[in-house]
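For the sequence shown, position 121 matches number 121 in full-length UniProt numbering, and the numbering has no gaps at all. Okay, so here's the structure we're looking at.
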Amino acid sequence: MKVLKVLVFSIFAVIAVSCGDKKEEKKAGFSYEKKSEVVKEAQGDSNDVVITGNDMMQFNKQEIRIKAGQKVKITLTHVGKMDKNVMGHNFVLLKSGVDLIAFGNKASSAKDTEYIPDDGADVIAHTKLIGGGETTVVEFDAPAAGTYDFLCSFPGHYAIMKGKLIVE
């Protein structure tokens, strides 16, 4: 009976300690904002797009709609905490008809060029590779009307971090 009391007390002690008020120390210039609080779409121009990536290998959007014949501005923010060497993210827009899986496999061996294959023949636009707390921007002319794949080309991420860019 005494062992049971000790076990129950231990469980409650662990729960009480884990529910305590923990305060994280912030590094200068580094944000721990929640994904839902991060960045909102730029008002007015549908071709200004903000997308986030996190430490769980997720983009906050799987579909982006833009207008044809205009400049496009993609802002990528890494809302996680991990370094780019461990959990780096980028935004890569592929040309129409490019096989996403084949591209992802090819990109995984292109570490020296931030996981963008040297020839760049399959890519319309891409951001640089970023780590936790960082933001990057890429601007380009909208491609012809249609549906295009986008992904994060960091090794293994393309299986989850992918979506469709629809040009209307």
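For each residue, glycine too, the CB sits at the ideal point set by N, CA and C.
Span separating the alpha-carbon of residue i from that of residue j
| i | j | result |
| --- | --- | --- |
| Met-57 | Val-123 | 21 Å |
| Asn-54 | Lys-162 | 13 Å |
| His-157 | Val-49 | 21 Å |
| Pro-117 | Val-138 | 17 Å |
| Leu-165 | Gly-80 | 23 Å |
| Tyr-115 | Phe-59 | 17 Å |
| Gly-104 | Ser-153 | 6 Å |
| Glu-63 | Gln-70 | 18 Å |
| Ser-46 | Ala-102 | 30 Å |
| Lys-106 | Asn-90 | 15 Å |
| Thr-113 | Lys-61 | 25 Å |
| Asp-119 | Thr-136 | 22 Å |
C-beta atoms of residue i and residue j nearer than 7 Å
| i | j | result |
| --- | --- | --- |
| Ile-66 | Ala-144 | no |
| Lys-84 | Leu-129 | yes |
| Gly-88 | Gly-133 | no |
| Ala-94 | Thr-127 | Before going on, a small fix: residue 94 reads as Leu here, not Ala. The answer is no: Cβ separation not under 7 Å. |
Minimum C-alpha distance to residue i - residue among the options
| i | options | result |
| --- | --- | --- |
| Gly-146 | Ile-74, His-157 and Ser-96 | Ser-96 |
| Asp-149 | Ile-160, Val-79 and Lys-84 | Ile-160 |
| Val-92 | Leu-129, Phe-140 and Leu-151 | Leu-151 |
| His-78 | Ile-64, Ala-68 and Ile-51 | Ile-51 |
| Ser-109 | Glu-168, Thr-135, Ala-68 and Pro-155 | Pro-155 |
| Val-98 | Ile-64, Ala-121 and Thr-113 | Ala-121 |
| Val-167 | Asn-47, Ala-102 and Ala-68 | Ala-68 |
| Lys-111 | Phe-140, Ala-125, Val-86 and Thr-135 | Val-86 |
Identity of the residues DSSP links to residue i by a beta bridge
| i | result |
| --- | --- |
| Asp-141 | Lys-71 |
| Tyr-158 | Answer by DSSP bridge pairing: none, since Tyr-158 is not bridged. |
| Phe-150 | Leu-93 and Gly-163 |
| Leu-76 | Ile-51 and Thr-136 |
| Glu-168 | Per DSSP, none; premise fails for Glu-168. |
Per-residue DSSP class, three states only, for residue i
| i | result |
| --- | --- |
| Ala-121 | coil |
| Lys-84 | helix |
| Ile-51 | strand |
| Leu-100 | helix |
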